[in-house]
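There are 2 protein chains.
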Amino acid sequence: MIDYLKDGPEIYRRSFATIRAEADLSHLPAELEKVAVRMIHACGMTDLVADLAWSPDAGKAARTALRAGAPILCDAAMVASGITRRRLPASNEVICTLTDPRVPELAAHLGTTRSAAALELWRDRLEGSLVAIGNAPTALFRLLEMIEEGAGRPAAVLGLPVGFVGAAESKRALAEHPSGLAHIVVHGRRGGSAMAVAAVNALATEQE
Amino acid sequence: MIDYLKDGPEIYRRSFATIRAEADLSHLPAELEKVAVRMIHACGMTDLVADLAWSPDAGKAARTALRAGAPILCDAAMVASGITRRRLPASNEVICTLTDPRVPELAAHLGTTRSAAALELWRDRLEGSLVAIGNAPTALFRLLEMIEEGAGRPAAVLGLPVGFVGAAESKRALAEHPSGLAHIVVHGRRGGSAMAVAAVNALATEQE
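Residue numbers (UniProt numbering), protein chains in the order written: chain A, 1 to 208; chain B, 1 to 208.
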């Protein structure tokens, strides 16, 4: 028989303790410490913190929005699927429009990816929302374009697309965007739905 | 206006080309090359391949099972959510029992995590299945215990739990298990639902 730890809360405690022992979190603002710990927990890499960047207002803006009932707009079904509903402070709506039947035609019409086209269906929910992008660089690029064109302004943007084409560039564009959107990003190629979920779940409640 | 690539298929092509240019895939068996490329694509890290391990029969066993209609048993809702249904060769069932209302009581009764307890509800589907574990080390440990106790034998196991407590240990236990289960693992702390999804999606069809 294999001997292993079966106590869920104790597994979380030891995981978070290992992360805090190994990762240098000293430069993080206090309100993002638990967010960083959970993002590291989701990917198993304590060096993630080196690529983590944020605007000074990001933690407060996201938490305030969630408590006020802001919807969470997700670029991928996996992101929407992973958000722990019972952690949300105001039974916040979790929205992913990627699988909406209108999206393929929208994408063809707009000459872009389905991930980017799906944001057209966010328009009336953008203002004051929490945006969680954990997959597609084109979704993050499109969000910035929509803001430039005058679309509603999210309260905060979790910019965590992953990959080899546009991921690093779209996150840099968010971090340097003249609109000054509140944001958390992981610079470079790393990112993903699990990191986006971890950030949302950490911002939703202080409870670890 | 921001200039970025909006052509989905071209984004995939360039991503996969970058991965093949940067990652050393020469030691991989031919039937796992596309699997490795997609797993790297899902996490943005070309050095993932250094931690990738497999049994010689893993690719063939998983593909044969999927073509024969095997169910895909997932430890987490995010894994189930990410599998691209239209890639599956036999409209395979994608099963995640974690949110079954019986699971909390099972976990209390068995003195284990909900992730491990959820496997009790896999018993009559295990034989010949494809198991995709992308989150919980305890689910992978429990699977090995169940095999030792005589449960049905999966055709192949994707062992990709992530994290700081039990992840590395459970994957080593799978790779060294005397039952000789066909498997693909990423050794160490890295893993996750996106990697598990990428592996399933790559095994489901040869189409990139």
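All C-beta atoms, glycine included, are put in the ideal place defined by N, C-alpha and C.
Contact with chain A by residue i, beta-carbon distance below 8 Å
i	result
His-41(B)	yes
Arg-189(B)	yes
Ala-155(B)	no
Ala-11(B)	The identity of residue 11(B) in the sequence shown is Ile, whereas the question assumes Ala. So, interface residue.
Arg-114(B)	yes
Ala-173(B)	yes
Glu-33(B)	no
Gly-150(B)	no
Ser-179(B)	no
Gly-8(B)	yes
Pro-37(B)	Just to set this straight, residue 37(B) is Val in the shown sequence, not Pro. No, because no Cβ of chain A sits closer than 8 Å to the Cβ of Val-37(B).
Ile-184(B)	no
Ile-2(B)	yes
Gly-128(B)	no
Gly-44(B)	yes
Beta carbon proximity, residue i to chain B, threshold 8 Å
i	result
Glu-145(A)	yes
Leu-5(A)	yes
Ala-139(A)	no
Ile-19(A)	yes
Ser-15(A)	yes
Glu-169(A)	yes
Ala-165(A)	Going by the sequence as given, residue 165(A) is Val instead of Ala. Closer than 8 Å to some Cβ of chain B, the Cβ of Val-165(A) qualifies, so yes.
Ala-194(A)	yes
Gly-69(A)	no
Val-94(A)	no
Val-162(A)	yes
Rounded Cβ spacing between residue i and residue j (contact assumed at less than 8 Å)
i	j	result
His-177(B)	Leu-144(B)	6 Å
Ala-190(A)	Gly-44(B)	It should be noted that the sequence gives Arg, not Ala, for residue 190(A). Contact holds; Cβ gap of about 5 Å.
Ile-40(A)	Val-197(A)	Incorrect: roughly 13 Å between the Cβ atoms, too far for contact.
Lys-34(A)	Glu-206(A)	7 Å
Leu-48(A)	Val-186(A)	6 Å
Arg-86(A)	Asn-201(A)	10 Å between Cβ atoms; not a contact.
Ala-42(A)	Met-195(A)	5 Å
Val-157(A)	Leu-181(A)	5 Å
Asp-51(B)	Gly-163(B)	Not quite, the Cβ-Cβ distance comes to about 14 Å (not below 8 Å), so this is no contact.
Residue(s) in a DSSP beta bridge with residue i
i	result
Cys-96(A)	Cys-74(A)
Gly-159(A)	Ile-133(A) and Val-185(A)
Leu-52(B)	Val-186(B)
Proximity test, residue i beta-carbon vs the ligand MN heavy atom, cut-off 7 Å
i	result
Gly-159(A)	Because no ligand of any kind appears in the structure shown, any question about the ligand MN cannot be addressed here.
Short CB-CB distance (under 8 Å) between residue i and chain D
i	result
Ile-95(B)	Absent from the structure is chain D; the protein chains it does hold are A and B.
> For the segment 74-91 of chain A, which residues have a CB atom closer than 9 Å to at least one CB atom of chain B, in sequence order?
Replying inline: So the list reads Ala-76, Ala-77, Met-78, Val-79, Ala-80, Ser-81 and Gly-82, given in the order they occur along the chain.
> Looking at C-beta atoms only, is the number of pairs between the segment 67-80 of chain A and the segment 121-140 of chain A that lie closer than 8 Å three or more?
Replying inline: Touching, yes.
>> Please identify, using Cβ separations under 9 Å, the residues of the segment 101-126 of chain B that lie next to chain A, in order along the chain.
In response: Within the segment 101-126 of chain B, the residues whose Cβ lies closer than 9 Å to some Cβ of chain A are Ala-107, Leu-110, Gly-111, Thr-112, Thr-113, Arg-114, Ser-115 and Ala-116, listed in chain order.
>> For the pair the segment 154-174 of chain A and the segment 10-25 of chain A, tell me if three or more CB-CB distances fall below 8 Å.
In response: No, they do not touch.
> Taking three-plus beta-carbon pairs below 8 Å as touching, is the segment 58-71 of chain A in contact with the segment 53-68 of chain B?
Replying inline: No contact exists between the segment 58-71 of chain A and the segment 53-68 of chain B.
> Does the segment 98-116 of chain B come close enough to the segment 93-102 of chain A to have 3 or more Cβ pairs within less than 8 Å?
Replying inline: Output reads no: the segment 93-102 of chain A does not touch the segment 98-116 of chain B.
>> What are the residues in the segment 46-58 of chain B lying within 9 Å of chain A by C-beta distance?
In response: Listed in sequence order: Thr-46.
>> Using a Cβ distance threshold of 8 Å, determine whether the segment 145-155 of chain A contacts the segment 112-129 of chain A, with at least three qualifying pairs required.
In response: Contact check between the segment 145-155 of chain A and the segment 112-129 of chain A: three or more CB pairs, one atom from each, fall below 8 Å, which counts as touching.
> Should the segment 112-122 of chain A be called in touch with the segment 48-59 of chain A, which here means at least 3 C-beta pairs below 8 Å?
Replying inline: Segment contact: the segment 112-122 of chain A against the segment 48-59 of chain A, fewer than three CB-CB distances shorter than 8 Å; contact not assigned.
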